[in-house]
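**Q** Take a look at the following structure, please.
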Amino acid sequence: MSDVYSKVELSIECTNLKDLDTFSKSDPAVFLFQKKGREWIKLGRTELIENNLNPKFATTFTLKYHFEEIQDLKFIVYDIDDKKHIDNPKNQDIIGEMTCTLADIVAAGQRYERKLRHKGEPRGGIRITVEEVQDSKFDVTLQLSASKLDKKDFFGKSDPFFVISKVQEGGEFTVVYRSNPIMKTLNPKWPRFTIGSQKLCSGDWDRTLKITVSDWNSDGSEDLIGEALFSLKDITKRGGSVSQVELINPELKKKKSKYTNSGVIHFGSVCTTPVHSFMDYIKGGCQVSLMVAIDFTASNGKPTNPTSLHYNDPQRDNEYVTAIKSVASVLVPYDTDQMFPVFGFGAKFRQNGEVSHCFPLNFNPQNPEVYGLEGILGSYWYALSMVDLHGPTNFSSFLDTAKKYASTGVTQERQQYYILLVITDGEITDMQNTIDRIVAASTLPLSIVIVGVGGANFSKMEILDADDNPLVDKYNKKMERDIVQFVPLREYQSRAGANFSLAKETLAEIPGQLLSFMRSKGIKPNPPPLRAQQSFREGGPGQAPYPSGGPGQAPYPTGGPGQAPYPTGGPGQAPYPTGGPGQAPYPSGGPGQAPYPTGGPGQAPYPTGGPGQAPYPTGGPGQAPYPTGGPGQAPYPTGGPGQAPYPTGGPGQAPYPTGGPGQAPYPTGGPGQAPYPTGGPGQAPYPTGGPGQAPYPTGGPGKAPYPTVGPGQAPYPTGGPGQAPYPTGGPGQASN
C-alpha cells in the first residue's frame, strides 16, 4: 500500500471573539486536538495574544494530510487566565470551539471559515488558511550517451549499460537507477528516463552521485568499463547543454602509465520539473466524483433472512452499509455538489421478470444521482424493496456506464476525476469482458475500488487488482495504468477501527492514480480559485455546516438537535436541490407537475415533464407500471394503456418485507395492504399516500419537513391532503 501524503501548514486567526474578561479584553490562544480512536489528542497550541478579540496567530500547525483517511480536528479557543500553566486547558476558560476534518479544510481551497460556539452560544469566528509544505520535490529527466568505450568482448563489441548510485551519510553508495544494455556498440545512446529528485539525490543538488558503465554478459556477469563522480548541480549549472565526464577504470589506471580514460559519458538534455502533488490539484478546483455499484445477486441471500448480506439488522450495519459508510464518507467532501450516481446489478424486476446488470437505485435513468451519503444509503434500502435478487455477477454493463461518465472530457480548465466504488459478494461471471472494459478505462480519469463482502472466493478479484501483472484485453492491448484496487472486507472486520482501516486500504492508491492520469495528459494543477468573502456559518452544536454557494443555492447538510431542516441554509436560501432563483424543484419539471412520489387520490404519476407529458418510465402495452398507492391513484410510473400497477395497493395484496414485530407499515397503499419494511418498533409508515397518513420516516409530532421547496412549489414528497412532511425524526426534532 502506498504512503502518499502531503504536509500542510495551518495558519489561524479569529474574529469577533466573545470578551470573557471584565476589565480588559480576552487573552486568546488556540489549542488543536486530533481524534485518535475515541480520544482527542492535543497536537499543540498557538502563542497567547493579550487583550485581543481579533487575533492573528504567528504559530502554525504542520500536519500530514492523507487523502484516504478521515482526520478529525478540533480547534478550541481559550481565554488564558492562568499564564503560568498555559498548557493546561483545565485552568483556562473556553471562548469557543469548532470541529471539522482536515479534508474539509483542504477541499475549501485556501481559506476555511466557521463559527465558534460554546454550549450552543456563538462566540465569534475562526479562519484557517492552508498551504502545502514543499519539500523541494522535482523530477529529473536525463538523456545519457557514451563514446569511445573500452571493448570488453573478445569476438565483438561491448554491450554497455549504466548504473547511477548516490552516496549515503556513511560514505557507501546505494543504487538508484539501472539502465538496460545497448547491444554491440562502443558509442551507446540510452533512452531518456525520468527519476524523482528524492530518489536520485534526496533532493540535495550537491549530493555526490556515481555513474558506473559495465559490459553485460549473457551469463549474468558484468565487466567494469569505467566510473565517474558528479552531482546534479554539476550537470545542470551549464543550463542543460552538452556536458560530459570521463569514465575511469581504477584497475587499468594502476596498470597503464599512459592511461587516460575508458570512454566518456555525455549528459544530453537535463531537465528538472516540479512535481505536482495531489493536494495541488484539489486546491486548484479538481473535482473527485464518486460513483457506486452494488451487487443485487441471489448469492447474497434473501434480504429478509438474518443471514443475508443485505439483511437490515436494527442492531448493526450489514456489510454493504459498512463498506458504503467507510469509503464514501471519505470521498464526499471532495465533490462540491454532493450528487452521486448509484447503480445496482444482478437484480430482477418483479413485474416483468427482466434482469438488469446496471439500473439506477432511484429508478430514474435520466438522473440516477442522489444527494450525499444519506441519499446513497436511502436509495440502497429503497431498491432492495423494489427488486428480487438474481444474477449472474456481471460487471461489464456498469463499467460501460462508468466509462461514459469518465469520458465527458477533462481539460486544463475543467479538471475532474472519478472513483467507482463496487461492492460485491461473489466471483465475476464475465471476466474477459470486465478485463476489456478495465483496459479501455485505464486511459480515462477513473479509478475502480472493489470491496468484497461475505466469505466467497475472490481469486478473480486479485487478478483485476493487477499490482504485479498488468491486465491485457482480448486484442492483446495492455492497460496503460493500474486503476483497480480490491480489498476483502472480512480482513478488517475483526480489527479495532475497522471502518478507518478499510477506507485507508481501499483509497490509499487514489492520489497516485490521479497524478499518473494528469501527468499522462499533460494537465497541471490550476491556481487556487479566487473565492468570494464568506460569512461565518454554523451548524449543529459546536460545529459549523458545510459552505453554501451562490444566492438561492442549497447548503450542505446540518446535524445536531434543534437544527434547521435538512437540507436548508441561511435566511432566504432556497431548499435543496435547486440551482439558481426560479429553478424548479427536484425532481419536478414544468409548472403544474405532480409531486413525487404520488400519494393521495387522483395524483398524477411521477415524474412528468410538462403538461400532457407521459409518465416515466413507459413501456409497451401490457407492461406493468411502478407502484401505486391508495385507491384511485394513477400508476407510478405508468407506461402504455392497460398496464397493471406495480406493485398494486388494492385489497388483499401480499405484504412487503417487514423488519420485526410491532413495526409500522412501509409503505401502505389501499385498504388491507400489508406492511413494507421499517426499522425499529413504533416507526411511522414509509412512504405514505392518502389523507391523514404519518410522515416518512417519523418519530413523533412537531417535526420540520424534509426537504421543503420554494413558494408555490409542490411538496416533495407528499400525497393527499393532510399528509405530513417527508422525512422527519424523533419527537420535537427538526428534520434531519
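Sequential numbering from 1190 applies to the sequence shown in the working numbering.
Cβ atoms here follow ideal geometry from the backbone N, Cα and C, with glycine treated the same way.
Below 8 Å between beta carbons: does that hold for R1316 and G1285?
**A** no
**Q** Assuming F1534 and S1586 form a contact by the criterion Cβ under 8 Å, report the distance between their Cβ atoms to the nearest whole angstrom.
**A** Yes, F1534 and S1586 are in contact; Cβ-Cβ is about 7 Å, under 8 Å.
**Q** Among V1329, K1308 and F1250, whose alpha-carbon lies nearest the alpha-carbon of I1294?
**A** F1250
**Q** My assumption, with CB atoms under 8 Å, is that N1551 sits in contact with V1544. Please give the rounded CB distance.
**A** So it is not a contact: roughly 19 Å between Cβ atoms.
**Q** Let me confirm a value: E1236 is counted as buried when at least 16 other C-beta atoms fall within 10 Å, else exposed. Which label applies?
**A** exposed
**Q** Run through DSSP, which three-state label would V1510 get?
**A** helix
**Q** Within the continuous beta strand (DSSP E) that includes E1558, where are the two ends?
**A** E1558 to Y1560
**Q** Just verifying my parser: in three-state terms, what is the DSSP assignment at A1929?
**A** It is not possible to answer for residue 1929, since the shown part of the chain is limited to 1190 through 1925.
**Q** Can you tell me which of the three DSSP states A1247 falls into?
**A** Coil, per DSSP.
**Q** Quick one: which unbroken beta strand (DSSP E) runs of 3-plus residues sit fully inside the region 1427–1512? Chain order, please.
**A** Segments of the beta strand (DSSP E) lying fully in the region 1427–1512: 1432–1435, 1453–1456, 1460–1463 and 1476–1484.
**Q** When burial is assigned at 16 or more other CB atoms within 10 Å of the CB, is T1600 buried or exposed?
**A** exposed
**Q** What residue range is occupied by the uninterrupted alpha helix (DSSP H) comprising V1295?
**A** L1291 to A1296
**Q** Quick check on the DSSP output: what are the complete beta strand (DSSP E) runs of length 3 or more inside the region 1199–1264, in order along the chain?
**A** 1217–1225, 1228–1234 and 1250–1254
**Q** For a test of the three-state rule: what should DSSP assign to F1584, helix, strand or coil?
**A** coil
**Q** Within the region 1364–1437, note down every full alpha helix (DSSP H) run reaching 4 residues or more, in order along the chain.
**A** 1386–1390 and 1421–1425
**Q** Need the endpoints of the beta strand (DSSP E) that M1528 sits in, please.
**A** M1528 to F1534
**Q** Compute the Euclidean distance between the alpha carbons of D1282 and F1264, then round it to the nearest angstrom.
**A** 14 Å
**Q** For E1198 and R1234, I'd like the C-alpha separation in whole angstroms.
**A** 14 Å
**Q** Would you mind stating whether Q1332 and V1319 have Cβ atoms separated by less than 8 Å?
**A** The answer is no: Cβ separation not under 8 Å.
**Q** Ends of the beta strand (DSSP E) at R1708?
**A** First-last for R1708: I1699 to S1709, but that is the alpha helix (DSSP H), not the beta strand (DSSP E).
**Q** With C-beta atoms as the reference, is V1673 less than 8 Å away from A1512?
**A** no
**Q** Quick check on the DSSP output: the beta strand (DSSP E) that includes A1338 runs from which residue to which?
**A** Checking the displayed sequence, the identity of residue 1338 turns out to be Leu instead of Ala. L1338 -> no beta strand (DSSP E), and no H or E assigned at all.
**Q** Please find out if some non-hydrogen atom of the ligand ATP comes closer than 7 Å to the beta-carbon of F1350.
**A** The ligand ATP is not part of this structure, which contains no ligands at all.
**Q** Apart from the five residues on each side of it in sequence, which residues of its chain come closer than 8 Å, Cβ to Cβ, to P1492?
**A** Only residues of its own chain outside the window of five on either side were considered, and among them H1499, Y1500, N1501, L1573, L1578 and P1846 have a CB closer than 8 Å to the CB of P1492, listed in chain order.
**Q** Can you tell me whether H1928 is buried or exposed? The criterion is at least 16 other CB atoms within 10 Å of its CB, across all chains shown.
**A** Given a span of 1190 to 1925 for the chain in the structure shown, any question on residue 1928 remains unanswerable.
**Q** Kindly indicate which three-state DSSP category E1563 falls into: helix, strand or coil?
**A** helix
**Q** Sort out for me which residues DSSP pairs S1347 with in a bridge.
**A** Beta-bridge pairing links S1347 to no other residue.
**Q** To which residues of the same chain is W1379 closer than 6 Å at the C-beta, ignoring the five residues directly before and after it?
**A** L1333 and S1368
**Q** Identify whether M1287 lies in helix, strand or coil by the three-state DSSP scheme.
**A** Looking at M1287 - three-state DSSP - the assignment turns out to be strand.
**Q** Along the chain, where does the beta strand (DSSP E) containing I1317 start, and where does it finish?
**A** Start and end: E1310 to E1321.
**Q** Cα separation between A1391 and H1465?
**A** Rather than Ala, the amino acid found at residue 1391 in this sequence is Ser. The alpha-carbon of S1391 is positioned some 17 Å away from that of H1465.
**Q** Hey, is the region 1462–1481 in contact with the region 1344–1358, meaning 3+ C-beta pairs nearer than 8 Å?
**A** no
**Q** Give the straight-line distance between the Cα atoms of H1255 and L1609, rounded to the nearest whole angstrom.
**A** 20 Å
**Q** Look at V1453 and Q1433 and say whether their C-beta atoms are less than 8 Å apart.
**A** yes
**Q** Report the rounded CA-to-CA distance for P1659 versus E1669, giving the unit in angstroms.
**A** 9 Å
**Q** If you draw a straight line from the C-alpha of D1654 to the C-alpha of P1677, how long is it?
**A** 12 Å
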